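Report on the structure given below.
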Amino acid sequence: MNKIAEKISIDKLRNCIKRELDDSNEYLSRWLEVFVNKAKLLPDSRRPWAPRGREYLDFYETFYYVLHWYCQFKSGRFKDMGWKIDETVAENIREKFLRLNREALSNKNKNQFHEYFKNYDFYPLSLYTAIDYKFQNITGTKVDNILDFGSGIGRQAFQWCSQGSVNLFSVDAIESLYMLQNDVYSLLFPDKLIEYFYGPERFCDPGFYSMRDKLYHLPTWKLDLLPDRYFDLIICVQVLQELNKETLRFLLRQFRRIVKKNGILYIRDNEFWKPAHKLRVGRELLEQGWELIFKYTGHEGADIAGIPRLWVFTDADNRKSFRHLTRIKRVFFPSHPFDYSAWRDYGLPI
Ligand SMILES: C[S@@+](CC[C@H](N)C(=O)[O-])C[C@H]1O[C@@H](n2cnc3c(N)ncnc32)[C@H](O)[C@@H]1O
Numbered sequence: 020m021n022k023i024a025e026k027i028s029i030d031k032l033r034n035c036i037k038r039e040l041d042d043s044n045e046y047l048s049r050w051l052e053v054f055v056n057k058a059k060l061l062p063d064s065r066r067p068w069a070p071r072g073r074e075y076l077d078f079y080e081t082f083y084y085v086l087h088w089y090c091q092f093k094s095g096r097f098k099d100m101g102w103k104i105d106e107t108v109a110e111n112i113r114e115k116f117l118r119l120n121r122e123a124l125s126n127k128n129k130n131q132f133h134e135y136f137k138n139y140d141f142y143p144l145s146l147y148t149a150i151d152y153k154f155q156n157i158t159g160t161k162v163d164n165i166l167d168f169g170s171g172i173g174r175q176a177f178q179w180c181s182q183g184s185v186n187l188f189s190v191d192a193i194e195s196l197y198m199l200q201n202d203v204y205s206l207l208f209p210d211k212l213i214e215y216f217y218g219p220e221r222f223c224d225p226g227f228y229s230m231r232d233k234l235y236h237l238p239t240w241k242l243d244l245l246p247d248r249y250f251d252l253i254i255c256v257q258v259l260q261e262l263n264k265e266t267l268r269f270l271l272r273q274f275r276r277i278v279k280k281n282g283i284l285y286i287r288d289n290e291f292w293k294p295a296h297k298l299r300v301g302r303e304l305l306e307q308g309w310e311l312i313f314k315y316t317g318h319e320g321a322d323i324a325g326i327p328r329l330w331v332f333t334d335a336d337n338r339k340s341f342r343h344l345t346r347i348k349r350v351f352f353p354s355h356p357f358d359y360s361a362w363r364d365y366g367l368p369i
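In our numbering, the protein residues as written are 20 to 369.
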């Protein structure tokens, strides 16, 4: 018998959040404070990070605003990468997006965005996601349990949860995105979804995490319920620079506790985009037992939207790998007279 999808209502989510957040943990539910003032200049903006954009409207409208936002920033066609993407993976991901789009188009009561949905090209977003999947797998490490932190539209699940062998944990904290993820997972993976706000007490039972082939969905402030040494892969795409310092510190502590020895942390972001906090993430990771094993900086200038990096958890003190002197030398004696990256490299997280 098919399981009923664990779909939640906005009232249920809001009531639960009201009960669970107080002065001691409220900071874990914030996003990009530095931009809030700028967003106030655009009071009607529904961009997800603007105050109004954080409110959930319904599947239809939230889907529209989030697609709009992805389209502005992830519209590259990723040509000339120098390597190939598995077309079957990209096609499977695209098929998931198309299913969501059909659902949005089926809403006959609201058709103001129909033209937009009909013309939306899901190819770039599918490729963008397939690129993540490729890099997440290049070490050949066997993956059973995955954490996707700050899941956006939930796209990391599209391929991973199609395979029938892994548990994926999706974590977020922003109302509009969290509800959208619940909608998306209910539509695409109704049999797998285990929603925290549908039955929170279950998440306190350690035995609860021994199931297979599930898609767990929970808020950031409940990360401490997850078992020690459990994850083979942790995913952070375009999120770590957008958090406040306290949240980032909390996260790094949690990652260190829940990752397995030799587990992988996959980070993809604009490495030199000015972070919302003052922490050097790379340096912190070195101090906390992580080792950088791979970084893709582009093939002959090809822009693939962000710099994918892989860290492995060795649990050793890797502090000495932070080559301070080499970095300073590069700034003053660059290999090329116009190597501005040396300056950027010196000032920001690795
Ligand atoms: C730029 S988006 C990236 C989304 C997704 N990783 C992707 O690449 O498609 C940042 C994401 O981080 C989430 N986020 C922001 N603050 C958060 C927090 N404190 N805890 C968890 N997620 C958060 C947002 O809701 C959003 O889903």
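Glycine is no exception: its CB is placed at the ideal position from the N, C-alpha and C atoms. Small disclaimer: the values here were computed from a predicted structure and weren't measured.
Here E214 is bridged, per DSSP, to H236.
Using a Cβ distance threshold of 8 Å, A123 and F177 do not count as a contacting pair. Under the three-state reduction of DSSP output, F188 falls in the strand class. In this structure, A149 keeps its C-beta atom at 8 Å or more from the C-beta atom of V185. Within the DSSP secondary-structure output, N164 pairs in a beta bridge with N186.
Only residues of its own chain outside the window of five on either side were considered, and among them none has a CB closer than 6 Å to the CB of E39. Around the beta-carbon of K233, 16 or more other beta-carbon atoms lie within 10 Å, marking it buried. By alpha-carbon distance to H318, the top candidate from L344, D99 and N44 is D99. Nearest to L199 by alpha-carbon distance, out of K297, G72 and I286, is G72. Less than 8 Å separates the beta-carbon of G282 from that of F250.
Residue pairing by DSSP places P327 opposite R287 in a beta bridge. L305 places its beta carbon 8 Å or farther from that of R328. For V258, the shortest separation between its Cβ and any heavy atom of ligand 1 lies below 7 Å.
In the displayed model, G282 falls within a strand according to three-state DSSP. Not one heavy atom of ligand 1 sits closer than 7 Å to the Cβ of R268. By the neighbour-count criterion, in which a residue is buried when 16 or more other Cβ atoms sit within 10 angstroms of its Cβ, H236 is buried. Going by C-alpha positions, G183 is about 9 Å away from R231. Short note on R118: C-beta not closer than 7 Å to any heavy atom of ligand 1. Minimum Cα-Cα distance from D151 among the listed residues N138, S170, R349 and L207 corresponds to S170. I27 and F341 have their alpha carbons spaced roughly 45 Å apart.
The criterion of a C-beta distance shorter than 8 Å is satisfied by G95 and D322. With at least 16 other beta carbons inside 10 angstroms of its own, G173 counts as buried. In this chain, the alpha helix (DSSP H) harbouring D151 covers Y142 to Q155. Excluding residues up to 5 positions away in sequence, F136 lie with their Cβ nearer than 6 Å to the Cβ of N120 in the same chain.
The closest CA to that of N130, considering only Y204, Y79 and V258, is found on Y79. Judged by beta-carbon spacing, K93 lies beyond the 8 Å limit of Y142, meaning their Cβ atoms are not closer than that value. Distance between K211 and N263, taken at the CA atoms: about 32 Å. At least one heavy atom of ligand 1 lies closer than 7 Å to the C-beta of W50.
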